[in-house]
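S.K.: The sequence shown begins at 124 in my numbering and counts up by one.
I have a structure here, written as structure tokens, and I will follow up with some questions on it.
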Amino acid sequence: MTSVPVSSSPRLIHSSGYRERRRFDALVNFRDLGGHETETGRFTRRGVIYRADGVQRCTPADVAQLESLGVKRVVDLRTAHERVSDGSFDPRHPSIEYRHVPLLDDVSGIGEIAHDEPLVVSYLQMINDSSGRIVEAVNAVVGSPGPVVFHCTAGKDRTGVLAALLLRSVGVPHDVVVADYAKSHAAMDCLVAWYVANRASVGAPLTAVAPDDHQRRRLMGAEPRWMAKVLEVLERRHGGAERYLLGAGATPSTLRALRTRLVQ
């Protein structure tokens, strides 16, 4: 499975305040997990772990940008169905490894969750039901031979949960993790626009998951209170991210390696 060809697609129009952070033609929600102060006064290291939306959309120029960042591994958190329907990062790339670690088997039912905040329910279900896969994803990130990028489709939900667990595990404060999650909100209009513009090559756009404006706001947003609630439940039920990962099967040596890699 190779990347969906998008090199002829029009460059996205970005919302104000977001364009300055853009480095890519086809990625709208790419950022570094570095630069965050931890509870001990140290900082997360820049240039080692990145989060993103659908890396399978990368143009040749985008792939060259990943190469220039030194990326050595792409960890794909999407379902097998998404990988087939939307394509994947080229697993034959000569210098960037591709790993598929699906955190969920199916994402089609999220819009049917009968709750005012369906994504909170979805995130907590993921943490509860996919703990082994989450640990597998953590292992893939920590075990990368160099800088790594992990992604899902929007870079917001599965990616957001994994990013929150990684950051909390190395001591980044709750409010900082919440603020990092909320940065995804600005990218969602751009992402929907990309799928609408490219629906002939990638199939149904994300709007098909949430066809009306009210539902789209519930599913395509990244409200700070959603992640804040998830972190509060994680703390109450599991004693925090690090204890959750250990209980799910992560080894102490893996979490030490994460701290060594991500914290300076």
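From the three backbone atoms N, C-alpha and C, an ideal C-beta is built for every residue, glycine too.
Output the distance between the C-alpha atoms of residue 170 and residue 370, rounded to the nearest integer angstrom.
M.R.: Residue 170 and residue 370: Cα-Cα distance of roughly 29 angstroms.
S.K.: In terms of residue numbering, what span does the beta strand (DSSP E) encompassing residue 198 cover?
M.R.: Counting along the chain, the beta strand (DSSP E) containing residue 198 begins and ends at 196 to 199.
S.K.: Assuming residue 243 is part of the alpha helix (DSSP H), what are its boundary residues?
M.R.: First-last of the alpha helix (DSSP H) with residue 243: 241 to 252.
S.K.: Do residue 213 and residue 182 come within 7 angstroms of each other at the CB atom, strictly closer than that value?
M.R.: No, the Cβ-Cβ distance between residue 182 and residue 213 is not below 7 angstroms.
S.K.: Quick one, are the C-beta atoms of residue 256 and residue 226 less than 7 angstroms apart?
M.R.: A contact, by the Cβ cut-off of 7 angstroms.
S.K.: My understanding is that residue 287 touches residue 304, with C-beta atoms under 8 angstroms, so please give their C-beta distance in whole angstroms.
M.R.: Their Cβ separation, rounded to whole angstroms, is 6 angstroms, which keeps residue 287 and residue 304 in contact under 8 angstroms.
S.K.: Apply the 10 Å Cβ neighbour rule to residue 159 and answer buried if 16 or more other Cβ atoms are within range, or exposed otherwise.
M.R.: Under this definition residue 159 is a buried residue.
S.K.: Determine the extent of the alpha helix (DSSP H) in which residue 281 is found, giving its start and end residues.
M.R.: Counting along the chain, the alpha helix (DSSP H) containing residue 281 begins and ends at 281 to 292.
S.K.: What separation, rounded to the nearest whole angstrom, lies between the Cα atoms of residue 261 and residue 289?
M.R.: Rounded to whole angstroms, residue 261 to residue 289 spans 8 angstroms at the Cα level.
S.K.: Would you call residue 274 buried or exposed, if buried means 16 or more other Cβ atoms sit within 10 Å of its Cβ?
M.R.: Result: buried.
S.K.: Mind checking whether residue 151 and residue 310 have CB atoms under 7 angstroms apart?
M.R.: Against a cut-off of 7 angstroms, the Cβ pair of residue 310 and residue 151 comes out as a contact.
S.K.: How is the beta strand (DSSP E) around residue 220 delimited, first residue to last?
M.R.: Note, residue 220: beta strand (DSSP E), 220 to 223.
S.K.: Here's a check: name, in chain order, each residue in its chain whose Cβ is nearer than 6 angstroms to the Cβ of residue 380, leaving out the five neighbours to either side.
M.R.: Counting only Cβ-Cβ distances below 6 angstroms, and skipping sequence neighbours, we find 265.
S.K.: Following the continuous alpha helix (DSSP H) through residue 361, name the residue where it begins and the one where it ends.
M.R.: Note, residue 361: alpha helix (DSSP H), 347 to 361.
S.K.: By DSSP, does residue 213 sit in helix, in strand, or in coil?
M.R.: The answer is coil: DSSP assigns residue 213 none of H, G, I, E or B.
S.K.: Can you list, in chain order, the stretches of the beta strand (DSSP E) that have 3 or more residues and sit fully within the region 171 to 195?
M.R.: DSSP runs (the beta strand (DSSP E)) wholly in the region 171 to 195: 172 to 175.
S.K.: What residues in its chain sit with their C-beta under 7 angstroms from that of residue 247, if we drop five residues either side in the sequence?
M.R.: 353, 356, listed in sequence order.
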